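**Student:**
Residue numbers (the numbering used here), protein chains in the order written: chain A, 1450 to 1698; chain B, 294 to 570.
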């Protein structure tokens, strides 16, 4: 592990983002995500967390600084499930491979594996509108999994879900992380979700978005859902929440 | 059905039609049928009250008998068929042109900036004002009548398709862009499917307009086989009121039919994932 972890998969150096209207969304951001790392960025809404992710994915270009990405296999999970409503679960999961011109047989096999991984077997023929919010998000996850990503970018994917569904998806995401060994960059405004999922939590302050603090999360993977109720967990959540408040003021 | 209930695997298509659709069919058709009966009844009443002037509103059964009258019945249906042909040819051209035009505007901003104002102008030109010009250029036959249909039916296709193509969700677009999808892939796999509900809604409006166009065309361009509009104008001039009513009735029925047909087609095409009205 140590040898691969030395080279960062994603490397932000002094990144600044200024929008055409003059708004400075990000300023002086240094951030690395290495193999085996799951980094979560927390911050108040409007602090530029999503912009960070959009720059990492190439949807936007930083106005200043360098962004290095050492892979082309990027999974991107949006805030919404962004499923095509006219496609079944199966066809939605196959979409990305289809866009890359993968053969029908290979697409089928990849989709089957991904659908299986997110626990949607049996729902292949359903249209998105027949699914619950949680199941739509699983479909979206499965769709990204077919790319076999080395790095996964998550833009507040579970923000719109209820608490129970969210916790269950967090557990499954951790399981996927352990199994697939991808690197993760996750955006959320929930501190406990951040601590539970990550190996490292980065705290951002708003306007312009800067990184104010970084916390290593000491819990081993795979994690027991019960750690959420330990004092150590609560202590870390408290410290991060405190840093968030400080940064906000 | 609440959003978060997990559908069971065995009853997947339960969402296709709400339960009790069959039972509600009676309540769907009965009220308008009752109203129709009332209207027919009052027509008889008014006909009776008009006395000698009852040719203004002929008795419904007299109108109905026209269809079986060997002198006028077949002529009416033949004329209707001819107008239907004009309307359908015009509609197909309007749909094809409208969709292609909208695709062109969607793929290049300058095409939209340059040509969309003319789509709006096209919509604002009083069609009756340019009828003489159309006849003058294209003759007074089939072609001229079709052109009237196209002119009148084009705008809803253009504006609806363009709206549909441009209302694609930003997240969906980015999903495709992240995979480096080409403009053609985005059009064929994302924009066109997403625009289908709007395209079918446009086609339904244009279908009704094409029928209007065909009948207006019949009025002005009477060379060649007469359409139903020509018959309507002839019967009107000769005060043949039962024949006039019989002709108006089939023309209206044709308009309704074509509207229903496109509604049905739209539901067939996108009803599974979109609540097509």
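Just so you know, even glycine gets a beta-carbon here, dropped at the ideal spot from N, CA and C. Keep in mind the model is a prediction, meaning the values are calculated, not measured.
Name the residues in the region 1567-1595 of chain A whose C-beta lies less than 8 Å from a C-beta of chain B; which are they?
**Tutor:** Of all residues in the region 1567-1595 of chain A, 1571, 1572, 1574, 1575, 1576, 1577, 1578, 1579, 1580, 1581, 1582, 1583, 1584 have a Cβ within less than 8 Å of some Cβ in chain B.
**Student:** Which residues in the same chain have their Cβ closer than 8 Å to the Cβ of residue 340 of chain B, if we skip the five residues on either side of it in sequence?
**Tutor:** Residues of the same chain with a CB within less than 8 Å of the CB of residue 340 of chain B, apart from the 5 flanking positions on each side, are 347, 350, 351, 352 in chain order.
**Student:** Classify residue 1526 of chain A as helix, strand or coil using the three-state DSSP reduction.
**Tutor:** strand
**Student:** Quick one: list the residues of chain B neighbouring residue 1691 of chain A, beta-carbon separation under 8 Å, in chain order.
**Tutor:** The premise fails here: residue 1691 of chain A is roughly 34 Å from chain B at the closest Cβ pair, so nothing lies under 8 Å.
**Student:** Could you list which residues in chain A have their beta carbon closer than 8 Å to that of residue 464 of chain B, in chain order?
**Tutor:** By Cβ distance, chain A contributes 1527, 1528, 1529, 1531.
**Student:** Quick check: what's the CA-CA separation for residue 1499 of chain A versus residue 469 of chain B?
**Tutor:** 18 Å
**Student:** In three-state terms, what does DSSP make of residue 1690 of chain A?
**Tutor:** helix
**Student:** By DSSP, does residue 1680 of chain A sit in helix, in strand, or in coil?
**Tutor:** helix
**Student:** Taking the DSSP output, what are the residues bridged to residue 1658 of chain A?
**Tutor:** A:1475
**Student:** Between which residues of its own chain and residue 569 of chain B is the CB-CB distance below 7 Å, once the five residues before and five after are set aside?
**Tutor:** Hits under 7 Å: 490, 493, 559, 560, 563.
**Student:** If you measure from the beta carbon of residue 1475 of chain A to each beta carbon in chain B, is any gap under 9 Å?
**Tutor:** no
**Student:** So, helix, strand or coil for residue 418 of chain B, using DSSP?
**Tutor:** Coil.
**Student:** If I follow the unbroken beta strand (DSSP E) through residue 1465 of chain A, where does it start and stop?
**Tutor:** 1457-1467
**Student:** Are there 16 or more other CB atoms within 10 angstroms of the CB of residue 1525 of chain A, so buried, or fewer, so exposed?
**Tutor:** Classification for residue 1525 of chain A: buried.
**Student:** Following the continuous alpha helix (DSSP H) through residue 1620 of chain A, name the residue where it begins and the one where it ends.
**Tutor:** Residue 1620 of chain A -> alpha helix (DSSP H) spans 1612-1629.
**Student:** To the nearest angstrom, report how far apart residue 1652 of chain A and residue 474 of chain B are at their CA atoms.
**Tutor:** 34 Å
**Student:** What's the C-alpha gap between residue 1391 of chain A and residue 1624 of chain A?
**Tutor:** Any property of residue 1391 of chain A remains undetermined from this structure, which presents chain A solely from 1450 to 1698.
**Student:** Going along the chain, which residues of its own chain have a beta-carbon closer than 8 Å to the beta-carbon of residue 501 of chain B, five neighbours each way excluded?
**Tutor:** 548, 551, 552
**Student:** Report the residue from A:1582, A:1521, A:1621 whose alpha carbon sits nearest the alpha carbon of residue 1672 of chain A.
**Tutor:** The shortest Cα separation from residue 1672 of chain A among A:1582, A:1521, A:1621 belongs to A:1621.
**Student:** Extract the residue ranges of the alpha helix (DSSP H) inside the region 1487-1575 of chain A, only unbroken runs of 4 or more that lie entirely within it.
**Tutor:** 1498-1506, 1538-1548, 1553-1566
**Student:** For the candidate residues A:1660, A:1573, A:1540, A:1674, whose alpha-carbon lies nearest to that of residue 1478 of chain A?
**Tutor:** A:1660
**Student:** Scan the region 413-424 of chain B for residues whose Cβ lies nearer than 7 Å to a Cβ of chain A and list them as they occur along the chain.
**Tutor:** none
**Student:** Under 8 Å Cβ-Cβ, which residues of chain B neighbour residue 1598 of chain A?
**Tutor:** Under the 8 Å cutoff, chain B gives no residues; its nearest Cβ is about 11 Å from residue 1598 of chain A.
**Student:** Excluding the 5 residues flanking residue 336 of chain B on each side, which residues of the same chain have their C-beta closer than 8 Å to its C-beta?
**Tutor:** 350, 352, 353
**Student:** Residue 1634 of chain A versus chain B: which residues are under 8 Å apart at the beta carbon?
**Tutor:** Residues of chain B passing the Cβ test: none, with the nearest at roughly 15 Å.
**Student:** Report the neighbours of residue 1506 of chain A on chain B: residues whose CB is nearer than 9 Å to its CB, in chain order.
**Tutor:** 467, 471
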